[in-house]
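In terms of this note's numbering, the sequence shown opens at residue 60 and continues consecutively.
Below is one structure, written out as structure tokens; the observations come after it.
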Amino acid sequence: MPANHYRLPRSSADGGFSCWWWWRKLSKRNGPSLPPLQHSPFSLSSSRRCPFLVHLQIRVQIQEQLLNGCRSRLHPKHKKIPPGGGWCSTLSSCSARRRTKLGSSTYMEHEVEFLGILSHDPLQNPDFFNWNKVKIRYCDGSSFSSHPDNEFGSGTKIFFRGQLIWDTVMDELLSIGMSKAREALLTGCSAGGLATLIHCDDFRSLLPKDANVKCLADAGFFLNEKDIAGNRTIESFYHDVAHLQGVAKSLNHDCITRSEPRKCFFLKFIGKIKTPIFLVQPAYDFWQIANILVPASSDPGGSWPRCKLNILKCDSSQLEVLHGYRNSLLKTLNEFQQNPEMGVFINSCFVHCQTWAAETWHSPTSPRINNKTVAESVGDWYFKRAAAKQIDCPYPCNPTCYNRDLTLG
């Protein structure tokens, strides 16, 4: 019988930014399914394509809450893939999320389809189709790393409880069988990918020592690069996130003792993670291009909007800038790639998240490097079937790329 599928509440950045946990019990692909949850942060759907949204009752003194104070929710799968959510770095931006699905379960979809790496279909998801799956709705605006002691006066009605959400969800999953897992994979996309990196070692510590536990970050490594005007926009942004939401307590301890918190969202932090990691990273990540390399503040003349929405609209000088960003990414990750426990899939596509959609995860038309899809490369790495260090040639050399046209919405 197929494994049950669980979906958890997401935090303040719905859409491209979620965390997913998978585990396989007793190392049996068709092992016993888990019993239904009661008053839990996620819902079950043994073989349904579209799990429904379920309220999460927290059994702790302080309830797990989203930015607006609502209880967290989880659901099984659903077809729609909502837009990404990122983080909030100011009271006003966090407050704005309270009235959207990025910060309130009131506005979340009631069904979300599981596709790509979450799919039940063995043709679409050959290695993980029958694993137990959990998806957490992103609702806290901090990659599940904010702390209540940084909440402001009750008049703001803003709650910073991302770490509490993580802790509560883990307690619930462990109580229903994950504590006996023999194989487990923590993964997420974008802000969920960063959450995966932040919590990877903690996730490993919760499971049996002899279990095969690894982490997969999809578009979750953010390059600490200057923008085209010479400013470190992204580093400044993460400084504000860390200061506002008190995330330092959740970041890697070794990194925090040697560096400022804002530095520990980047390479210094990844180098401290002990658990095996796989990075799925587009070298021409449209989110990073628009928010790190060419934020609006760096382009007062307005020469970049068309290029940022569609790489086919970039002129030769703009492409050179994008190639330079790719080169910085490869140089930054060079040492990471030397670790035999780590894996990478760095393609030259104009895309962001690639693991949660069938067309980019594993299909006849999926992007490939050395004739390997993302799914095949991740499977090779997780099960140690083959080395998984796939690095693409520069754009536009790869005809299999799935390049997004953001003008189409």
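Note that the Cβ used here is the ideal one computed from N, Cα and C, for glycine as well.
Any Cβ of chain D within less than 8 Å of the Cβ of residue i?
{"i": "I336", "result": "No chain D appears in the structure shown, which is made up of a single protein chain."}
In three-state DSSP terms, what is residue i?
{"i": "Q413", "result": "coil"}
{"i": "C366", "result": "helix"}
{"i": "I450", "result": "strand"}
{"i": "T194", "result": "Position check: residue 194 holds Lys in this sequence, whereas Thr was assumed. Three-state DSSP puts K194 in a strand."}
{"i": "K84", "result": "Here K84 scores only 45 on pLDDT, less than 50, and its place in the model should not be relied on; the value that follows carries that caveat. Reduced to three states, the DSSP call for K84 is strand."}
{"i": "E394", "result": "helix"}
{"i": "N429", "result": "coil"}
{"i": "N271", "result": "strand"}
{"i": "E172", "result": "coil"}
{"i": "A342", "result": "coil"}
{"i": "I329", "result": "helix"}
{"i": "F404", "result": "strand"}
{"i": "T424", "result": "coil"}
{"i": "G305", "result": "coil"}
{"i": "G289", "result": "coil"}
{"i": "G247", "result": "strand"}
{"i": "L182", "result": "coil"}
{"i": "G360", "result": "coil"}
{"i": "K322", "result": "helix"}
{"i": "G200", "result": "coil"}
{"i": "D299", "result": "helix"}
So, is residue i buried or exposed, given that buried needs 16 or more other C-beta atoms within 10 angstroms?
{"i": "C314", "result": "buried"}
{"i": "C456", "result": "exposed"}
{"i": "K192", "result": "buried"}
{"i": "R158", "result": "exposed"}
{"i": "F442", "result": "exposed"}
{"i": "C452", "result": "exposed"}
{"i": "E394", "result": "exposed"}
{"i": "V119", "result": "Here the model assigns V119 a pLDDT of 38, short of 50, so the residue's position is not dependable, and the following value carries that caveat. Exposed: under 16 other Cβ atoms inside 10 Å."}
{"i": "D374", "result": "exposed"}
{"i": "L371", "result": "exposed"}
{"i": "T316", "result": "exposed"}
{"i": "V277", "result": "Just to set this straight, residue 277 is Asp in the shown sequence, not Val. The residue is buried, with at least 16 neighbouring Cβ atoms inside 10 Å."}
{"i": "T292", "result": "buried"}
{"i": "S249", "result": "buried"}
{"i": "Q222", "result": "buried"}
{"i": "G360", "result": "exposed"}
Looking at C-alpha atoms only, which residue of the options is the closest neighbour of residue i?
{"i": "L265", "options": "K448, N386, M237 and R321", "result": "M237"}
{"i": "A447", "options": "E418, V306, N462 and N430", "result": "N430"}
{"i": "E242", "options": "N369, W346, C274 and F218", "result": "C274"}
{"i": "L467", "options": "T414, G383 and K367", "result": "K367"}
{"i": "F345", "options": "S201, D464 and C153", "result": "D464"}
{"i": "L352", "options": "P181, E394, S376 and N290", "result": "N290"}
{"i": "I450", "options": "L177, S234, T432 and R444", "result": "T432"}
{"i": "T334", "options": "F173, I370, D269 and V306", "result": "D269"}
{"i": "E170", "options": "R196, H179 and C153", "result": "R196"}
{"i": "D260", "options": "A417, G330 and E418", "result": "G330"}
{"i": "F404", "options": "A416, L389 and I224", "result": "L389"}
{"i": "H312", "options": "I336, W363, I257 and S362", "result": "I257"}
{"i": "E284", "options": "N271, T424 and N350", "result": "N350"}
{"i": "I224", "options": "D199, S362, G402 and V300", "result": "D199"}
{"i": "N386", "options": "G251, W190, V300 and Y454", "result": "Y454"}
{"i": "K194", "options": "L182, R220 and M229", "result": "M229"}
{"i": "I332", "options": "Q183, F188, E418 and V272", "result": "V272"}
Quick one: Cα of residue i to Cα of residue j, how far?
{"i": "C460", "j": "S436", "result": "16 Å"}
{"i": "L303", "j": "A254", "result": "17 Å"}
{"i": "G383", "j": "T227", "result": "42 Å"}
{"i": "S205", "j": "C412", "result": "23 Å"}
{"i": "A342", "j": "A355", "result": "20 Å"}
{"i": "Q377", "j": "L233", "result": "49 Å"}
{"i": "G305", "j": "G279", "result": "20 Å"}
{"i": "S201", "j": "V410", "result": "23 Å"}
{"i": "S357", "j": "A288", "result": "5 Å"}
{"i": "P426", "j": "S407", "result": "9 Å"}
{"i": "A445", "j": "D439", "result": "5 Å"}
{"i": "V113", "j": "K160", "result": "Interpretation of V113 is limited by its pLDDT of 46, a score under 50 that renders its predicted location unreliable; the figure taken from the coordinates is listed afterwards. Approximately 14 Å, taken between the alpha carbons."}
{"i": "P364", "j": "D286", "result": "15 Å"}
{"i": "E168", "j": "L174", "result": "16 Å"}
{"i": "S165", "j": "R156", "result": "Per the sequence shown, residue 165 should be read as Thr rather than Ser. Roughly 12 Å between the two C-alpha positions."}
{"i": "K308", "j": "C323", "result": "11 Å"}
{"i": "M401", "j": "P207", "result": "34 Å"}
{"i": "P423", "j": "D186", "result": "16 Å"}
{"i": "T246", "j": "L177", "result": "10 Å"}
Provide the residue(s) that pair with residue i in DSSP beta bridges, ordered along the chain.
{"i": "T149", "result": "T149 is not bridged to any residue."}
{"i": "I336", "result": "C274"}
{"i": "G221", "result": "Partner(s): none; G221 has no beta bridge."}
Using a Cβ-based criterion (distance less than 7 Å to any ligand heavy atom), does residue i qualify as near the ligand ATP?
{"i": "F219", "result": "For the ligand ATP, the structure offers nothing, since it holds no ligand at all."}
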